[in-house]
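In my numbering, the protein residues as written are 10 to 470.
Written below as structure tokens is the structure these notes are about.
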């Protein structure tokens with residue numbers, strides 16, 4: 010494939026971000042690595058979920074984008090982009106196939122090579138230790154519903170950090186614990202496919218505990234900067250009734266505050282939620298709320314929420330809400346939607362950062378935008394360029410209003426297996442031909458490259 014030759018319409022120059030602002034791109038192990046049983050890797054809960062036919066387009070997640078074999082090619086793409094950092098995830102079952110017990114040295118060797126390759130190109134490695142791929146033996150034993158999973162995660166974090174912390178300055182423990190809890194354990198749309206509704210709350214607590222224990226393990230092994238990546242969305246009230254306001258407040262609590270409050274304040278949003286959590290909750294909260302070096306924010310779009318209605322369209326990230334929940338999601342009326350059907354609301358990022366700062370004040374560490382992106386088809390992906398341009402301008406306005414943001418990672422470097430949607434949703438700056446695994450930079454890759462170069466005062470390409 011070749012890039013189209015038609016010139017783009019000129020865009021206003023991007024306002025200048027502060028010197029030292031971190032520019033990067035993201036990926037995750039399950040979505041890209043493939044090599045599902047190579048070098049002693051064990052199966053994950055997502056591998057088993059995919060094997061049950063739960064990926065809608067039948068994509069081969071065991072093959073992914075071939076990143077495990079082609080990582081040098083992708084690092085070269087990052088270098089060509091001018092990226093300062095690469096956010097990738099370490100596959101827990103590649104490193105500890107059984108979830109507990111012996112460490113698989115060959116699995117760690119892969120990440121050792123990847124980190125060396127990134128460092129050789131002057132790119133900061135920024136690993137996430139858990140991006141949803143729970144080792145299958147732990148998942149089958151109860152997964153995040155069991156406290157033991159948090160303890161095993163800390164052991165795994167220690168093993169990875171002992172091998173890599175000498176070269177890795179930036180660490181993330183978990184990615185999006187809300188989605189794991191809601192989509193995986195409450196609604197059953199993601200692995201492990203449980204439909205527990207509010208009985209899924211222990212999965213939230215145990216992930217938070219795992220984070221806290223891993224922070225201690227990482228720092229003991231020499232990690233210098235530790236945080237995590239949490240999904241956040243502004244929650245808008247769909248109507249003017251008391252029921253609508255209650256529904257929106259509850260949804261905001263479950264998707265935003267249930268995770269941020271324990272991390273940043275050492276308490277759950279209210280006693281009702283605290284009472285539903287397992288174990289010595291007060292003691293656990295002291296572990297969970299250790300000071301962070303940064304707070305990662307994943308932003309895609311706001312949520313419009315009101316009282317439940319039988320005929321209400323929409324759903325959490327495209328997932329329909331089951332009956333019995335005290336809230337309902339509505340479609341947001343906007344001019345632009347991604348190919349995923351998600352509303353494009355760039356100013357929602359500014360609104361979100363303002364609300365986080367207002368809610369948590371000086372308890373909020375410096376922020377890194379750890380995911381922001383969109384699904385559009387085509388190599389000449391000008392709608393993605395418009396999306397990124399508008400969101401970066403919104404981010405710049407938020408910083409002008411006082412948000413302390415230190416970096417931005419777009420999702421994602423390449424197209425990937427978008428969980429249950431498979432290869433049908435293309436979030437990448439780089440196109441993947443899933444038959445040949447050939448990589449082809451899209452127009453958005455070149456735009457992002459040129460924008461980064463301009464921010465650094467480098468000559469145009």
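No residue lacks a Cβ here, since even glycine has one placed at the ideal position from N, Cα and C.
In summary, residue 20 is exposed, with fewer than 16 beta-carbon neighbours lying within 10 Å of its beta-carbon over all protein chains present. Under DSSP, the beta-bridge partners assigned to residue 144 are 53. With distances taken between CA atoms, residue 403 lies nearest to 360 out of 360, 379 and 380.
Here residue 295 is actually not in contact with residue 278; their C-beta atoms are around 17 Å apart, not less than 8 Å. Counting along the chain, residue 32 sits inside the beta strand (DSSP E) bounded by residues 31-35. Per DSSP, reduced to three states, the secondary structure at residue 403 is helical. Positions of the alpha helix (DSSP H) runs, each at least 4 residues long and wholly inside the segment 86-162, are given as 101-104, 114-129 and 145-149 in order along the chain. For residue 363, there is no enclosing beta strand (DSSP E); the enclosing alpha helix (DSSP H) covers residues 356-369. Closest in C-alpha terms to residue 443, from the list 153, 74, 63 and 276, comes 74. Going by beta carbons, residue 182 and residue 236 fall inside the 9 Å limit. By a beta-carbon distance limit of 8 Å, residue 88 contacts residue 132. Their separation comes to about 7 Å. Membership of residue 456 in the alpha helix (DSSP H) is indicated by the continuous run 452-464. Pairing residue 306 with residue 276, the inter-Cα distance amounts to about 20 Å. Beta-bridge partners of residue 245 (DSSP): 313. For residue 215, the uninterrupted alpha helix (DSSP H) run begins and ends at 210-229, by DSSP. Considering only 249, 210, 160 and 137, the residue with the shortest C-alpha distance to residue 239 is 137. Linking residue 41 to residue 32 through their CA atoms gives a straight-line distance of about 21 Å.
In the DSSP assignment, residue 380 falls outside any alpha helix (DSSP H) and within the unbroken beta strand (DSSP E) covering 376-380. In its chain, beyond the 5 residues on either side, 335 and 336 have a beta carbon closer than 8 Å to the beta carbon of residue 259. When the beta-carbon positions are compared, residue 38 and residue 100 come within less than 9 Å of each other.
Here residue 386 is exposed, its C-beta having fewer than 16 other C-beta atoms within 10 Å. Residue 173 is a Cβ neighbour of residue 121, given a cutoff of 9 Å. Contact annotation: the segment 447-457 does not touch the segment 100-118, with fewer than three C-beta pairs closer than 8 Å.
DSSP lists no bridge partner for residue 281. The alpha-carbon separation between residue 95 and residue 210 amounts to approximately 32 Å. The three-state secondary structure of residue 296, taken from DSSP, is helix. Residue range 234-240 is occupied by the beta strand (DSSP E) that includes residue 238, with no alpha helix (DSSP H) assigned at that position. In this chain, the alpha helix (DSSP H) harbouring residue 274 covers 267-274.
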